[in-house]
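K.L.:
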Amino acid sequence: MDRMTRLLSHVEVDPTTGCWLWTGETSWGYGRIGVGSRGKGTYKHEYAHRFAYETVFGGVPPGMVLDHFKCERPLCVNPEHVRPATNRDNFLRTNPIFACPRGHPYPENMRFNKKNERVCRACWVIKGRERYRLKVLRERGKEVTPMRRRLEVPNDIAS
Ligand SMILES: [Zn+2]
Ligand SMILES: [Zn+2]
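The following block contains the structure:
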């Protein structure tokens, strides 16, 4: 059986959205399909949406994942409903956060640290300024009260 026939034998089309809903085996919420040959020891499971994309468009660029940008339905294997994306793009799009906890707008303030965690650049600048302020106040022998969740660092070291 060719790839397209195999694919379509596990697909139910949703007439409203055009989604190709997978009716075969699933794992982690995604459709999966066996590829390769058991006899030759090359048998493995592949994501059904990936299998569909490769069947129609010929392949996914290395290092990229397929993002369900159109319908957000993991079971959909319509190759037109997914597109190759880097993991980072996919993460940002599926975890939309519009500001840091202090309210600095994303994405312009968003950076990723070495552990690939989201950090806020504006907060980083503020923390640096605050560290400097505390240092100056301490040197002057003033009472120091640490800043808590404030957008601006008080300018009390200028005077
Ligand atoms: Zn879809
Ligand atoms: Zn921030």
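Going left to right, the sequence shown walks through residues 96 to 254 as the working numbering numbers them. Note that beta-carbon positions come from the ideal geometry of N, C-alpha and C, so glycine has one too.
Going by alpha carbons, who is nearest to residue 73 out of 187, 101, 100 and 116?
P.N.:
Summary: the structure shown does not reach residue 73, with the chain confined to residues 96 through 254, and so no result is reported for it.
K.L.:
Could you check whether residue 169 and residue 124 sit closer than 7 angstroms to each other, using their CB atoms as the reference points?
P.N.:
The answer is yes: Cβ separation under 7 angstroms.
K.L.:
Between which two residues does the alpha helix (DSSP H) carrying residue 231 extend?
P.N.:
Residue 231 -> alpha helix (DSSP H) spans 216–234.
K.L.:
Does the region 193–213 come into contact with the region 132–144, if we say contact requires no fewer than three beta-carbon pairs (one atom in each stretch) closer than 8 angstroms?
P.N.:
No: fewer than three Cβ pairs fall under 8 angstroms.
K.L.:
Once you ignore the five residues that flank residue 200 on each side, which residues in its own chain have a CB closer than 6 angstroms to its CB?
P.N.:
Excluding positions up to five away in sequence, the list reads 194.
K.L.:
Within the present structure, is the beta-carbon of residue 213 separated from the nearest heavy atom of ligand 2 by less than 6 angstroms?
P.N.:
Because no heavy atom of ligand 2 lies under 6 angstroms away, the Cβ of residue 213 does not count as near it: no.
K.L.:
May I ask you to list the residues that DSSP assigns as paired with residue 180?
P.N.:
Answer by DSSP bridge pairing, in chain order: 160.
K.L.:
Could you have a look at residue 240 and say whether DSSP puts it in helix, strand or coil?
P.N.:
Three-state DSSP puts residue 240 in coil, outside helix and strand.
K.L.:
Please work out which residues of its chain come closer than 6 angstroms, Cβ to Cβ, to residue 214, disregarding the five sequence neighbours upstream and downstream, and give them in chain order.
P.N.:
Excluding sequence neighbours, residue 214 sits near 206 and 208.
K.L.:
Which value, in whole angstroms, describes the spacing of the CA atoms of residue 144 and residue 249?
P.N.:
If I take the Cα positions, the gap works out to 53 angstroms.
K.L.:
Can you pull every residue whose C-beta falls closer than 7 angstroms to some heavy atom of ligand 4, listed in chain order?
P.N.:
With respect to small molecules bound, the structure shown includes ligand 1 and ligand 2 and not ligand 4.
K.L.:
I need the straight-line Cα distance from residue 217 to residue 223, nearest angstrom please.
P.N.:
Cα to Cα, residue 217 sits roughly 10 angstroms from residue 223.
K.L.:
Buried or exposed for residue 140, going by 16 or more other Cβ atoms inside 10 Å?
P.N.:
Counting Cβ neighbours within 10 Å, residue 140 comes out exposed, since fewer than 16 surround it.
K.L.:
Does ligand 2 have even one heavy atom less than 6 angstroms from the beta-carbon of residue 197?
P.N.:
Indeed, a heavy atom of ligand 2 lies less than 6 angstroms from the Cβ.
K.L.:
Does ligand 2 have a heavy atom nearer than 6 angstroms to the CB of residue 217?
P.N.:
Checking the Cβ of residue 217 against ligand 2 gives yes.
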